[in-house]
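J.: Here it is, the structure, as structure tokens.
Number of protein chains: 4
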Amino acid sequence: MVRVGIVGASGYTGAELARLLAGHEKVTITAATSRQYAGKALAEVFPNLRKRIDITCENLTTDELVERADFFFTAVPHKTAMDVVPQLLAAGKKVVDLSADFRIHDSTTYEEWYQKHTCPELLDQAVYGLPELYREQIRQTRLTANPGCYPTSVILALAPLLREEMIDPATLIVDSKSGTSGAGRAASVGTLFCEVADGFKPYKVGGTHRHIPEIEQELSIAAGQPVTISFTPHLLPLSRGILSTIYAALTDKGRETDLQALYERVYREEPFVRLLPSGTPPATQHVRGSNYCDLSLQKDRRTNRLIVMSAIDNIVKGASGQAIQNMNLMNGFPETEGLLGAPFFP
Amino acid sequence: MVRVGIVGASGYTGAELARLLAGHEKVTITAATSRQYAGKALAEVFPNLRKRIDITCENLTTDELVERADFFFTAVPHKTAMDVVPQLLAAGKKVVDLSADFRIHDSTTYEEWYQKHTCPELLDQAVYGLPELYREQIRQTRLTANPGCYPTSVILALAPLLREEMIDPATLIVDSKSGTSGAGRAASVGTLFCEVADGFKPYKVGGTHRHIPEIEQELSIAAGQPVTISFTPHLLPLSRGILSTIYAALTDKGRETDLQALYERVYREEPFVRLLPSGTPPATQHVRGSNYCDLSLQKDRRTNRLIVMSAIDNIVKGASGQAIQNMNLMNGFPETEGLLGAPFFP
Amino acid sequence: MVRVGIVGASGYTGAELARLLAGHEKVTITAATSRQYAGKALAEVFPNLRKRIDITCENLTTDELVERADFFFTAVPHKTAMDVVPQLLAAGKKVVDLSADFRIHDSTTYEEWYQKHTCPELLDQAVYGLPELYREQIRQTRLTANPGCYPTSVILALAPLLREEMIDPATLIVDSKSGTSGAGRAASVGTLFCEVADGFKPYKVGGTHRHIPEIEQELSIAAGQPVTISFTPHLLPLSRGILSTIYAALTDKGRETDLQALYERVYREEPFVRLLPSGTPPATQHVRGSNYCDLSLQKDRRTNRLIVMSAIDNIVKGASGQAIQNMNLMNGFPETEGLLGAPFFP
Amino acid sequence: MVRVGIVGASGYTGAELARLLAGHEKVTITAATSRQYAGKALAEVFPNLRKRIDITCENLTTDELVERADFFFTAVPHKTAMDVVPQLLAAGKKVVDLSADFRIHDSTTYEEWYQKHTCPELLDQAVYGLPELYREQIRQTRLTANPGCYPTSVILALAPLLREEMIDPATLIVDSKSGTSGAGRAASVGTLFCEVADGFKPYKVGGTHRHIPEIEQELSIAAGQPVTISFTPHLLPLSRGILSTIYAALTDKGRETDLQALYERVYREEPFVRLLPSGTPPATQHVRGSNYCDLSLQKDRRTNRLIVMSAIDNIVKGASGQAIQNMNLMNGFPETEGLLGAPFFP
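Chains as they are written, first to last, in the UniProt record's numbering: chain R, 1 to 346; chain F, 1 to 346; chain P, 1 to 346; chain B, 1 to 346.
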């Protein structure tokens, strides 16, 4: 059994790592840190975990941490991650970092959207942890930068189309909708039940959301040219789920190609991508609690545009599930280990 | 007091007409038809109306109907409306029709998206009931075609921009999200609580929703040229509310113009349009239960696109409230009579 | 127009007072206090109020307050109310206090459940603001203690039965369920959307909720003897609404009496109590947004118990609506002024 | 691998059986019947099951069924079960029946609450499938009557207390609240999203719900005397979850006993019962998707009553999960096989 540590166990992604790892046969959680809940059982903080997870939250120094586990998930805010990850790596550990700190290859871009980067030298070593794109590199690395939730839903939807020049990269419009767990577990008026329930709204409109550079980085690589997108996130009155509706003008090639067949080819072997039959849109309730990304393509003949839709559970494939998928790859475990729980519906 | 009849009182729009008319000082409901609930008090079908509405559902012929009221709301499905409305008009009555049957000016277009039109001669007389665009014509007509819910949210958002050539009409992408009351009150598996709750999904993707010709008709008039849009509706896990997020490329003129100031000018006197301050997106929970349409504009400098957002309550401004606004105009009542209830939040 | 001040305008009950007063024809809001949002328009804090409420939140001393209005709603936490109310009364103002500070007649009981009472001499002057029980006293008083939300739902359900000795007061079990707005608008983890949505739980189990002494006070008065109840509150995943399910053993008299007829007699003239037909349980969605209390009675012949059910909107009849009903009585306005908006459904 | 057939696969309990069995290592689904969806892949009816379940719904006769599997779940309505189960047993198969048809030992009682029983001779053979009470008998039987959802939540909460005479059986009041999946997947107005969302209500009040005889049967056995309860079910605006709040007068013995210690003793070895620490109420969101029953006890010293609270997921421990637990016992599999997925939260 590989000993695994969760740094930042008391947020929703930390709790979801614990929930999923409870069913993982190759690892055991040996450390779970939380400043706020130090001394409390994790199953007391998240009572759903009772009888399944038996670990106590602790406030540990990095020196203490490295004694306690061989593999680490850092589920802490960006900036905090930059402080912890280098020390874990220096101690010879492997890390999946769930923050944004190692996702952006270009430190200038990172600093434009976030803040000063304190260990830019690590950016080259970090692999962007989308297994469908970088499986082999993830197997080799000691530092995987786990993708953001919105980027996962968008990049899986678009990369093959851009690679094959089926759509015009200058026309990409991404309208994404996320469940509220994406906002985290900090107390705030804006995410109170009464503020969110029975309502719906956009936020960070006009090209300001921090997931934009990450999405554009990967789409640019796929397209082989710089890609700029319009991206509007929205807040859904539900806990789990992201649905992205993406619009692009078809190229001549795209117009003539059977894109459904293309996607069947690309994703046939992927354990966690489900291409839906043409004409069947995805729904967040059908991926809930699972590591699946459901994709659907629809041409609009009236406007010569393609609509690509993707649905994920933002805290599974969009965070903790994908992190475990990456851990599996980094340790030579079966890629699907611990991740085959079927989505729950209703 | 004007005697008002509701034809089709037992759907959600019928019930909402009754709820709003309960507080209207110039009219009284004297007829409410329902085949299914004939003989039952409307307040038994919709217990929220107890003590406020004291009328019994009846199954009435049109001949009986015309004896009972002077003004009619026809809240029946398209096709059924075509059967009833001509007779009501022939009897000298005024009508606000909430179906799609009289919204499309061109019968060929209507027949392409719906079915054979049985009284195309009435299409010329019908006024499209968006008071912000056609107030004077509505005052004069005896037949108002009450706009669809999605069209209301889209046309109010875009018409001034198209009129002034601020955006390129070839680039319009409309991503709309609607609450479940829009699907009506018929028993069906797809709108069961367990199917909709805690989930989100697109439907009728790829240019197939029947509100498209209606939206395009009005946007084309505003633009002075034929407009074709990409339109994707989605189903929200809430009862009331539509939010449309609309993308358009700015023209040179649009880029240089203070669009916020333009919209302030256009909508300043409108009682039911609320232009939000720049940077403040609308939210369905802030228009809930009211006749308001909240609008917000945001330029995206990175992509040179404009994002226009609008929020309405789909069964008030998107149906019954707007119908009453039209009735007020057609009868010379104050336009806001019965419609000033503030949105309820939370 | 009577000038009205809202002390504590930025909580949910403050906002609801503003929403309802926007449609009140006899008063105008001339002061709205909020420490946190001082300088902000109330309609910016609660965007649903845009175009309906045009007042700015201020941080005012009591001296400043008394200059600004003639009638006050104090919608502040208990203990804070004790500081403000005496000064408002001393300045000759009338007050409806929405806190718990003046509801308990006996200061010892108050101090047992809350804390030291700093103006016990006012307890005698305060009238318990349940118009259905104390209408005449409310008309005469300058200080009305607006009832708690749970107590309103329970006392209206039980008082006539206890008065007439139809049920055994030693057997009362009150199982109540409340929407989340009852928890207020302060940022806290426990009322985040993700913690509450899609879930249900009891809280303060075992006779510890502070509404117990208030309920017992009024039931004891009705019964003419000390009454002790079992009371369990629960948190519902919805914003507005309280439903109480109450169990009591029938007395011989109760068994033989037509209790439906009794309640029809008692509540026939009450504008805001709706007795449902026998066999029809109430539902929170049918009182939503309104000042109604829906009641239903059901005998269980198998166990010789009576089940009484009541539904209210906790921030209308359970707080702000009832406060306005009390204000109407205290000012000689029609009792229903501003409160006749029908419940919204769906 | 044992071949398993699901009779009635297209309801929510059928789909949940499939979801859970997808992760079961000892069985494989070889038949799934549905009249309505015959010819459709089950994963098309329930798209959450894509890539996890690869079986097509069929309309099979019982003769065909018995060829196809060795073990059966009958997830059909009561009365239909009586038609199918005898033939499956006659063919030598083992059956877990999820309907009510074999739960009531006394055919007279059954016929009083349901309808004529067509195979009363099987009632003696059927074991009531609550493993915590009847584990050994379930291991031996070929027909297990899977308990109802409400009964599971109530019997686990009360049986040990009644067995040990800690509470007075004449004083039992059971206030239960259920998610909407309990109403099944048939199209009906009453369970439409708009009717249920954002609302709460009791139903079948006054001793009329058909789970009453089943609960009373088991509580009577535990108490060693006939027990009659007051039972009120309520409909929650969520899909999964039952929470029962139960009130009982303590006996002298109960008053003096450490009931927490008693329950720790009784349930310590139970894999699916989690006794919460004193003072911690259960919450449906903490058992969601899992086979756990969370229990909590609280004495109310003011009234000398005990409040027992239990939470389950109504379609897991309340239906399909418990059915699999029973199948595991009947086949000598580890009892927890396929059932250890941790509850998902949020």
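Glycine is no exception: its CB is placed at the ideal position from the N, C-alpha and C atoms. In this text, all values refer to a predicted model and were calculated from it rather than measured experimentally.
With a CB to CB cut of under 6 Å and the five nearest residues on each side skipped, what residues in its chain are close to residue 23 of chain B?
T.: Within the same chain, residue 23 of chain B has close Cβ partners 338.
J.: Mind checking who residue 71 of chain F pairs with in its DSSP beta bridge?
T.: Looking at the DSSP assignment, residue 71 of chain F forms a beta bridge with F:4 and F:94.
J.: Hey, does residue 359 of chain P have any beta-carbon neighbour from chain F nearer than 9 Å?
T.: No statement about residue 359 of chain P is possible, as the shown extent of chain P runs from 1 to 346 and does not include it.
J.: Spell out whether any CB of chain F is found under 9 Å from the CB atom of residue 191 of chain B.
T.: Output row for residue 191 of chain B: interface = yes.
J.: At a Cβ threshold of 9 Å, is residue 263 of chain P touching chain B?
T.: Answer no: the Cβ-Cβ gap between residue 263 of chain P and chain B never drops below 9 Å.
J.: Hey, residue 243 of chain R and residue 233 of chain F: beta-carbon distance below 9 Å or not?
T.: Not closer than 9 Å, so no.
J.: In three-state terms, what does DSSP make of residue 53 of chain P?
T.: Residue state, collapsed to three classes: coil.
J.: Locate the alpha helix (DSSP H) running through residue 13 of chain B, then write down its first and last residues.
T.: First-last of the alpha helix (DSSP H) with residue 13 of chain B: 12 to 21.
J.: Residue 27 of chain P and residue 327 of chain P: beta carbons closer than 9 Å?
T.: Taking 9 Å as the Cβ cut-off, residue 27 of chain P and residue 327 of chain P qualify as a contacting pair.
J.: Hey, is the segment 145 to 164 of chain B in contact with the segment 192 to 208 of chain B, meaning 3+ C-beta pairs nearer than 8 Å?
T.: As far as the Cβ criterion goes, the segment 145 to 164 of chain B does not touch the segment 192 to 208 of chain B, which means the pair count is below three.
J.: Can you check whether the CB of residue 247 of chain R is closer than 9 Å to the CB of residue 312 of chain R?
T.: Going by C-beta atoms, residue 312 of chain R is not nearer than 9 Å to residue 247 of chain R.
J.: Run through chain D and tell me which residues come within less than 8 Å of residue 283 of chain F, C-beta to C-beta.
T.: Structure shown: chain D not included; protein chains present are R, F, P and B.
J.: Quick check: what's the CA-CA separation for residue 245 of chain B versus residue 48 of chain R?
T.: Cα to Cα, residue 245 of chain B sits roughly 19 Å from residue 48 of chain R.
J.: Here's a check: name, in chain order, each residue in its chain whose Cβ is nearer than 6 Å to the Cβ of residue 173 of chain P, leaving out the five neighbours to either side.
T.: Counting only Cβ-Cβ distances below 6 Å, and skipping sequence neighbours, we find 230 and 247.
J.: Could you check the C-alpha separation between residue 7 of chain P and residue 46 of chain F for me, to the nearest Å?
T.: Approximately 37 Å between the Cα atoms of the pair.
J.: Beta-carbon separation of residue 110 of chain B and residue 101 of chain B under 9 Å?
T.: It is a contact, given that the beta carbons lie within the stated cut-off.
J.: Could you give the uninterrupted runs of the alpha helix (DSSP H) lying entirely in the segment 167 to 233 of chain F, keeping only those of 4 residues or more?
T.: Whole alpha helix (DSSP H) segments, 4+ residues: 193 to 196 and 212 to 223.
J.: Quick check on DSSP: helix, strand or coil for residue 136 of chain F?
T.: Note: residue 136 of chain F maps to helix in three-state DSSP.
J.: Would you mind telling me which residues of chain P sit closer than 8 Å to residue 29 of chain B, beta carbon to beta carbon, in chain order?
T.: Those within 8 Å of residue 29 of chain B in chain P number zero; the least Cβ separation is about 28 Å.
J.: Near residue 329 of chain R, which residues of its chain fall below 7 Å by C-beta distance, leaving aside the five closest residues on each side in sequence?
T.: Contacts found: 131, 135, 138, 139 and 335.
J.: From residue 104 of chain R to residue 21 of chain R, what does the alpha carbon distance come to, in whole angstroms?
T.: So the alpha carbons of these two residues sit roughly 27 Å apart.
J.: Does chain F have any CB closer than 9 Å to the CB of residue 287 of chain P?
T.: Residue 287 of chain P counts as touching chain F.
J.: Could you check whether the Cβ of residue 149 of chain R sits closer than 9 Å to any Cβ belonging to chain P?
T.: By this cut-off, residue 149 of chain R is not an interface position.
J.: Compute the Euclidean distance between the alpha carbons of residue 305 of chain R and residue 257 of chain R, then round it to the nearest angstrom.
T.: Roughly 13 Å between the two C-alpha positions.
J.: Given this structure, state the Cα-to-Cα distance separating residue 288 of chain R from residue 63 of chain F, to the nearest angstrom.
T.: Looking at the two C-alpha atoms, the distance is approximately 54 Å.
J.: Do residue 54 of chain R and residue 4 of chain R have their C-beta atoms within less than 9 Å of each other?
T.: No. Outside cutoff.
J.: Sorted by chain position, which residues of the same chain lie with C-beta nearer than 7 Å to residue 323 of chain P's C-beta, five sequence neighbours on each side aside?
T.: Cβ neighbours of residue 323 of chain P beyond the five flanking positions: 17, 73, 96, 98 and 146.
J.: Would you kindly work out how many angstroms separate the C-alpha atoms of residue 299 of chain P and residue 44 of chain B, rounded to a whole number?
T.: Looking at the two C-alpha atoms, the distance is approximately 46 Å.
J.: I need the straight-line Cα distance from residue 184 of chain B to residue 211 of chain B, nearest angstrom please.
T.: Going by the C-alpha atoms only, they are around 16 Å apart.
J.: Using the rule of at least 16 other Cβ atoms within 10 Å of the residue's Cβ for burial, across every protein chain shown, is residue 11 of chain F buried or exposed?
T.: Buried: at least 16 other Cβ atoms inside 10 Å.
J.: Interface residues of chain P around residue 195 of chain B at Cβ under 8 Å?
T.: Within chain P, the residues near residue 195 of chain B are 285 and 346.
J.: Run through the segment 244 to 326 of chain B for me and flag every whole alpha helix (DSSP H) of 4 or more residues, listed as ranges in chain order.
T.: Whole alpha helix (DSSP H) segments, 4+ residues: 252 to 256 and 259 to 267.
J.: For residue 143 of chain F versus residue 94 of chain F, is the C-beta spacing smaller than 9 Å?
T.: In this structure, residue 94 of chain F lies closer than 9 Å to residue 143 of chain F by Cβ.
J.: Taking the continuous alpha helix (DSSP H) assigned at residue 108 of chain B, which residues delimit it?
T.: Run containing residue 108 of chain B: 107 to 113, per the alpha helix (DSSP H) assignment.
J.: Which one of P:235, P:88, P:193 and P:295 has the shortest CA to CA distance from residue 282 of chain B?
T.: Checking every option, the nearest Cα to that of residue 282 of chain B belongs to P:235.
J.: Give every residue of the same chain whose Cβ lies closer than 7 Å to the Cβ of residue 216 of chain F, excluding the five residues on either side of it in the sequence, and list them in chain order.
T.: Excluding residues within five positions, the ones whose Cβ falls inside 7 Å are 227, 228 and 229.
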